[in-house]
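Presented below is the structure to which this report refers.
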Amino acid sequence: MTTQTLDQEHRDWKRKFFAIWGGQAFSLLGSQLVQFAIIWYLTERTGSASVLAMASMAGLLPGVFLSPFIGVLVDRWNRKKIMIVADTAIALITFAMLILFALDIIEVWHVYVILFIRAIGGSFHNPAMTATTTLMVPHEHMTRIQGINQTLNGGLNIISAPLGALLLELLPMSGIVAIDVISAAFAILPLFLVDIPQPEPMQSAEGKKQTFFQEMREGFQYIIGWPGLMIVIGMATMINFLLSPAFSLMPLLVKSHFSGGAIQLGWLNAVFGVGVILGGILLSVWGGFKRRILTVTLGLIGIGLGSMTLGILPPGGLTIAMGAMLLLGIMLPIANGSLGALMQTTIDPAIQGRVLTLVGSAATAMIPIGLAAAGPLSDALGIQIWFVISGLMCLIMAILQILIPAVVNIEQSPQVLARKQAKLPQETAS
Numbered sequence: 020m021t022t023q024t025l026d027q028e029h030r031d032w033k034r035k036f037f038a039i040w041g042g043q044a045f046s047l048l049g050s051q052l053v054q055f056a057i058i059w060y061l062t063e064r065t066g067s068a069s070v071l072a073m074a075s076m077a078g079l080l081p082g083v084f085l086s087p088f089i090g091v092l093v094d095r096w097n098r099k100k101i102m103i104v105a106d107t108a109i110a111l112i113t114f115a116m117l118i119l120f121a122l123d124i125i126e127v128w129h130v131y132v133i134l135f136i137r138a139i140g141g142s143f144h145n146p147a148m149t150a151t152t153t154l155m156v157p158h159e160h161m162t163r164i165q166g167i168n169q170t171l172n173g174g175l176n177i178i179s180a181p182l183g184a185l186l187l188e189l190l191p192m193s194g195i196v197a198i199d200v201i202s203a204a205f206a207i208l209p210l211f212l213v214d215i216p217q218p219e220p221m222q223s224a225e226g227k228k229q230t231f232f233q234e235m236r237e238g239f240q241y242i243i244g245w246p247g248l249m250i251v252i253g254m255a256t257m258i259n260f261l262l263s264p265a266f267s268l269m270p271l272l273v274k275s276h277f278s279g280g281a282i283q284l285g286w287l288n289a290v291f292g293v294g295v296i297l298g299g300i301l302l303s304v305w306g307g308f309k310r311r312i313l314t315v316t317l318g319l320i321g322i323g324l325g326s327m328t329l330g331i332l333p334p335g336g337l338t339i340a341m342g343a344m345l346l347l348g349i350m351l352p353i354a355n356g357s358l359g360a361l362m363q364t365t366i367d368p369a370i371q372g373r374v375l376t377l378v379g380s381a382a383t384a385m386i387p388i389g390l391a392a393a394g395p396l397s398d399a400l401g402i403q404i405w406f407v408i409s410g411l412m413c414l415i416m417a418i419l420q421i422l423i424p425a426v427v428n429i430e431q432s433p434q435v436l437a438r439k440q441a442k443l444p445q446e447t448a449s
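So for the sequence shown, my numbering puts the first residue at 20; every next one is plus one.
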């Protein structure tokens with residue numbers, strides 16, 4: 020491969036990647052609108068907290084229990100075809116929901132089944148898209164791309180609820196579902212038009228083709244055999260364990276501690292959303308430190324300070340709480356985006372499907388566990404205690420990241436350096 024060809028490929032990556040990214044962004048908006056509409060539909064029709072909990076579980080369980088198996092298939096199969104099939108399946112099952120709403124024959128159990136199938140499709144699509152991004156985007160731009168993704172998510176979180184509420188006033192449920200089906204087409208079309216690279220497969224020690232479960236075990240062994248990566252993944256799951264309950268407890272913090280109401284809660288959420296957008300923009304423009312783990316550490320320090328501030332404020336400190344929520348909003352995408360870029364640039368692309376789905380499965384499983392722990396503890400010791408614990412733990416993890424050599428030097432670990440050296444002869448030969 021000539022230098023001119025390499026330069027041309029480097030210039031083309033933005034055009035190819037953002038063609039796919041733009042379609043995915045539009046589809047994500049459609050999905051969030053439908054999610055909001057479905058939640059409101061179930062609330063109006065049943066008024067049951069158990070029904071809403073079951074709907075949430077239907078969308079959550081595939082990510083916890085099926086992702087480790089799906090990760091093997093993502094690494095085995097053509098990732099372009101996986102995304103096309105997964106997105107098409109999601110569009111088809113959503114179209115079935117459209118028909119059920121249009122004919123006014125939909126039942127609650129239909130919604131459960133459809134949400135479950137959509138979640139399975141997402142469990143295939145998400146790791147395939149993440150692993151594909153690793154191969155399409157030059158590593159020096161990965162953190163900026165993560166910042167753009169964080170900005171997108173923050174923006175969608177702000178506009179999806181009010182836009183969904185407006186559409187519910189203007190359209191029947193079938194009309195809102197139709198928007199999601201149409202948006203899915205915008206996600207699928209670029210996948211047919213853009214060439215998506217495939218990773219070089221990892222070779223077993225014996226050079227033989229491995230079975231499905233051998234490849235799954237290889238994903239576990241890859242993590243366990245790399246202490247720095249295992250610690251980073253453990254910290255990532257701990258963040259989910261700590262922060263998910265904190266955000267769920269926010270309405271109680273506003274009502275019982277700050278003596279506020281829906282307006283005050285809305286302001287805190289709005290400030291947080293603005294912070295997420297600002298943090299995402301900052302990361303996409305700045306790109307973070309050269310050593311990504313230091314950017315993760317900076318984000319953790321900010322999250323820890325913001326959470327602890329919420330935990331120690333007096334009842335009259337609502338204005339300062341807004342500042343703490345702004346800090347949380349800014350620092351969360353900086354930590355998450357940098358952590359995502361760190362994993363994408365250090366983990367071998369050939370095994371990313373397996374490793375990232377294992378990470379996602381563990382992180383998702385931490386959400387209900389964290390909620391189960393936070394509820395009784397907050398009832399016994401007060402609503403602020405979980406915010407203090409969360410903030411303190413984030414600060415401790417930030418310090419440990421700097422003090423543990425295997426973590427602070429993860430980007431210069433033998434696993435990363437060996438892969439870089441293996442590429443040099445191939446590039447020289449080209």
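Positions of the beta carbon are idealized from the N, C-alpha and C atoms, including for glycine.
6 Å CB neighbourhood of residue i in its chain, flanking five on each side removed
i	result
residue 234	91
residue 121	193
residue 158	364
residue 43	206
residue 467	Coverage of the chain is limited to positions 20 through 449, which leaves residue 467 absent and any answer about it impossible.
residue 124	none
8 Å Cβ shell around residue i - same chain, five flanking residues per side excluded
i	result
residue 365	248, 429, 430, 432, 434 and 435
residue 81	135, 138, 139, 141 and 142
residue 87	235, 238, 373, 376, 377 and 380
residue 195	52, 53, 56, 183, 186 and 187
residue 129	116 and 119
Spatial distance of residue i from residue j (CA atoms)
i	j	result
residue 165	residue 298	11 Å
residue 72	residue 31	45 Å
residue 437	residue 74	45 Å
residue 379	residue 78	14 Å
residue 426	residue 315	11 Å
residue 277	residue 184	28 Å
residue 256	residue 52	28 Å
residue 333	residue 306	37 Å
residue 38	residue 207	11 Å
residue 420	residue 57	41 Å
residue 270	residue 244	42 Å
residue 397	residue 260	15 Å
residue 294	residue 176	12 Å
residue 360	residue 61	37 Å
residue 422	residue 168	30 Å
residue 218	residue 341	45 Å
residue 96	residue 152	16 Å
residue 231	residue 76	27 Å
residue 414	residue 191	48 Å
residue 93	residue 126	33 Å
residue 382	residue 228	30 Å
Cβ neighbours of residue i in the same chain (closer than 7 Å, five flanking residues each side left out)
i	result
residue 102	144, 147, 148 and 210
residue 213	35, 38 and 39
residue 273	279, 283, 284 and 287
residue 417	316, 319, 320 and 323
residue 241	370 and 374
residue 250	423, 425 and 426
Contact check, residue i vs residue j, beta carbons under 8 Å
i	j	result
residue 353	residue 302	yes
residue 410	residue 324	yes
residue 216	residue 155	yes
residue 326	residue 392	no
residue 46	residue 180	no
residue 105	residue 133	no
residue 321	residue 296	no
residue 402	residue 275	yes
residue 395	residue 150	no
residue 345	residue 290	yes
residue 113	residue 200	yes
residue 41	residue 198	no
residue 252	residue 170	no
residue 292	residue 173	yes
residue 59	residue 268	no
Cβ-heavy atom distance, residue i to the ligand FAD, below 7 Å
i	result
residue 353	Ligands displayed in this structure: none; no statement on the ligand FAD is therefore possible.
**Asked** Three or more C-beta pairs closer than 8 Å, one from the segment 96–110 and one from the segment 386–402: is that the case here?
**Response** Contact fails: fewer than three Cβ-Cβ distances are below 8 Å.
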